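K.L.:
In mature numbering (1 follows the signal peptide of the UniProt record, and there is no 0), the protein residues as written are -15 to -1, 1 to 160.
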């Protein structure tokens, strides 16, 4: 767990260096900097020119960003859960210079950062962590059987007979 957290911290620091202040965008996609993202713009509801609505231009940041290490760790945690990470990846690929809006596919090579992170943290380290938890539970189970008068082979025979009994009951009910 500590190793995983340290690796995530390391990736968060790298993410801050790569993406700090680069996930900002204007609500009006035609404007690409905070200086010109002022005033209002017209947005047509459902693309219908007969239903115009006026909206204020706002310069806002993404919910998940890399502006500091804690926010970066939160963003990377969402990547490791595989929930909503493609939108974060696309924002990173489109990211321009600091305080400038996105440019479509501006830095495609930055996706390597996310791929390496997913391989190391999400696949490798999380599997090690889950494996460690399973081994710990197995050891605790063996400690409980130690106080019992059964040896390991007898315990295995008991568990096999339970499985066999369940299979037989299921087959009888299917007939």
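Ideal Cβ placement from N, Cα and C applies to all residues, glycine included.
It should be emphasised that the depicted structure is a prediction, and the values quoted were computed from it without experimental measurement.
Would you please state the rounded distance, in angstroms, between the beta carbons of residue 24 and residue 10? I believe it to be under 8 Å.
P.N.:
Here residue 24 is taken as the residue at index 39 of the chain shown, counted from 1. Here residue 10 is taken as the residue at index 25 of the chain shown, counted from 1. No, residue 24 and residue 10 are not in contact; Cβ-Cβ is about 16 Å, not under 8 Å.
K.L.:
Under DSSP, the beta strand (DSSP E) around residue 38 begins and ends at which residues?
P.N.:
As a working mapping, residue 38 is identified with position 53 in the chain shown. Its beta strand (DSSP E) spans residues 37 to 41.
K.L.:
Counting Cβ pairs, one atom from each stretch, are 3 or more of them under 8 Å apart for the segment 65 to 84 and the segment 101 to 110?
P.N.:
Output reads yes: the segment 101 to 110 touches the segment 65 to 84.
K.L.:
Near residue 18, what residues of its chain come up, given a Cβ to Cβ distance below 6 Å and the 5 sequence neighbours on each side ignored?
P.N.:
Taking the chain shown and counting its residues from 1, one reaches residue 18 at position 33. Only 85 meet the Cβ criterion.
K.L.:
Which same chain residues, not among the five before or five after residue 70, have their C-beta less than 7 Å away from its C-beta?
P.N.:
Position 85 of the chain shown, counted from the start, is the residue given in the question as residue 70. Excluding sequence neighbours, residue 70 sits near 63, 64.
K.L.:
Do you know how far the Cα of residue 8 is from the Cα of residue 143?
P.N.:
Stepping through the chain shown from its first residue, residue 143 is reached at position 158. Stepping through the chain shown from its first residue, residue 8 is reached at position 23. Near 59 Å, if we compare the C-alpha coordinates of residue 8 and residue 143.
K.L.:
Determine the DSSP secondary structure at residue 26, reduced to helix, strand or coil.
P.N.:
Residue 26 sits at position 41 when you count from the first residue of the chain shown. Correct three-state label for residue 26: strand.
K.L.:
Could you tell me how far apart the beta carbons of residue 54 and residue 1 are, in whole angstroms, since I believe they sit closer than 8 Å?
P.N.:
To locate residue 54, count along the chain shown from 1; it is residue 69. To locate residue 1, count along the chain shown from 1; it is residue 16. Going by Cβ atoms, the distance from residue 54 to residue 1 rounds to 6 Å, so yes, they are a contact pair.
K.L.:
Below 8 Å between beta carbons: does that hold for residue 38 and residue 114?
P.N.:
Numbered from its first residue, the chain shown carries residue 38 at position 53. Numbered from its first residue, the chain shown carries residue 114 at position 129. Not closer than 8 Å, so no.
K.L.:
Between which two residues does the alpha helix (DSSP H) carrying residue 79 extend?
P.N.:
Taking the chain shown and counting its residues from 1, the one referred to as residue 79 is at position 94. Segment 70 to 79, the alpha helix (DSSP H) holding residue 79.
K.L.:
If I measure Cβ to Cβ from residue 76 and keep anything under 6 Å in the same chain, skipping five residues before and after, which residues do I get?
P.N.:
Your numbering for residue 76 matches position 91 in the chain shown. Answer for residue 76: 8, 47, listed in chain order.
K.L.:
Per DSSP, residue 85 forms a beta bridge with which residues?
P.N.:
In the chain shown, the residue the question calls residue 85 occupies position 100. Answer is 18.
K.L.:
Note down, in chain order, each residue of its chain lying with its Cβ closer than 7 Å to the Cβ of residue 95, except the 5 sequence neighbours on either side.
P.N.:
As a working mapping, residue 95 is identified with position 110 in the chain shown. Once the five neighbours on either side are set aside, the close Cβ partners of residue 95 are 3, 77, 78.
K.L.:
Could you tell me the distance, in whole angstroms, from the CA atom of residue 106 to the CA atom of residue -9?
P.N.:
Along the chain shown, read from residue 1 onward, the residue named residue 106 stands at position 121. Along the chain shown, read from residue 1 onward, the residue named residue -9 stands at position 7. Using only the alpha carbons, I get a separation of about 8 Å.
K.L.:
Do residue -5 and residue 73 have their CB atoms nearer than 8 Å?
P.N.:
Locating residue -5 in the chain shown gives position 11, counting from the first residue. Locating residue 73 in the chain shown gives position 88, counting from the first residue. Cβ distance not < 8 Å, so residue -5 and residue 73 don't count as in contact.
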